Amino acid sequence: MTQITSATTHRVFAATRVLRDLIAYGLASGAALALDCGLLLLCHKTLGVPYLVAAAIGFCGGLALVYALSIAVVFRDRRSVRPASEFTLFCAIGLAGLLVTEALMLLLVGRLGFDPAFAKIPTAGVVFLFNFTARRALLFSAPAAKASA
Numbered sequence: 207m208t209q210i211t212s213a214t215t216h217r218v219f220a221a222t223r224v225l226r227d228l229i230a231y232g233l234a235s236g237a238a239l240a241l242d243c244g245l246l247l248l249c250h251k252t253l254g255v256p257y258l259v260a261a262a263i264g265f266c267g268g269l270a271l272v273y274a275l276s277i278a279v280v281f282r283d284r285r286s287v288r289p290a291s292e293f294t295l296f297c298a299i300g301l302a303g304l305l306v307t308e309a310l311m312l313l314l315v316g317r318l319g320f321d322p323a324f325a326k327i328p329t330a331g332v333v334f335l336f337n338f339t340a341r342r343a344l345l346f347s348a349p350a351a352k353a354s355a
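According to my numbering, the stretch in the sequence shown is residues 207 to 355, in order.
Encoded structure:
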């Protein structure tokens, strides 16, 4: 009978935590995406705001919601940083995601002629993976153990 090593147990635990975080972040992102898309469509279709501006407004609304959910219910681990620094880095990652959003919306709507609502679908998928990976790695994972000298 094979023994389960401590390293194996640690890897399984770590993989389980990543999966749990991914699912919880996915649910939070789903709520943020609903707000994002709602604001995009409201601003663009109802109020006549240009689609790139409407996409930015929607993205910012979603950003605020996903931050609140991330710190309240999604991630159990947090890096040892001041709340102001954490929020700043969270927003910086969001701004990088916004640049990806704007570039993809410009390509899909402006160049390829997609409707903004349909262009948002693949855009949201790409930005979700980018944001989850960056935020978990930089903000919401346990700090690495310091090596002994």
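Idealized CB from N, CA, C, for every residue including glycine.
What you are looking at is a predicted structure, and each value in this text was computed from that prediction instead of being measured.
Test item: CB-CB of residue i and residue j under 9 Å
| i | j | result |
| --- | --- | --- |
| D283 | S347 | yes |
| L271 | K326 | no |
Beta-carbon contacts of residue i that lie in its chain and below 7 Å, excluding the five residues immediately before and after
| i | result |
| --- | --- |
| G303 | V333, F336 and N337 |
| L241 | G267, G268 and L271 |
Inter-residue Cα distance where the pair is residue i and residue j
| i | j | result |
| --- | --- | --- |
| R217 | D227 | 15 Å |
| V315 | T215 | 47 Å |
| C249 | A260 | 5 Å |
| A343 | L269 | 18 Å |
| Y273 | G319 | 32 Å |
Same chain, Cβ closer than 6 Å to residue i, five either side skipped, listed in chain order
| i | result |
| --- | --- |
| L310 | T329 |
| A355 | With a pLDDT of 44 at A355, under the threshold of 50, the modelled position of that residue is not reliable, and no figure is offered here. |
| G300 | L269 |
| V280 | A230, Y231 and A234 |
Residues near residue i by beta carbon distance below 8 Å, same chain, minus five either side
| i | result |
| --- | --- |
| A323 | C243, L246 and L247 |
Exercise. At 3 residues or longer, and completely inside the region 219-273: list those beta strand (DSSP E) runs for me, N to C.
Key: You should have found no qualifying run.
Exercise. List in chain order: all unbroken alpha helix (DSSP H) runs of 4+ residues lying wholly within the region 288-325.
Key: Listed in chain order, the alpha helix (DSSP H) elements of length 4 or more contained wholly in the region 288-325 are 289-311.
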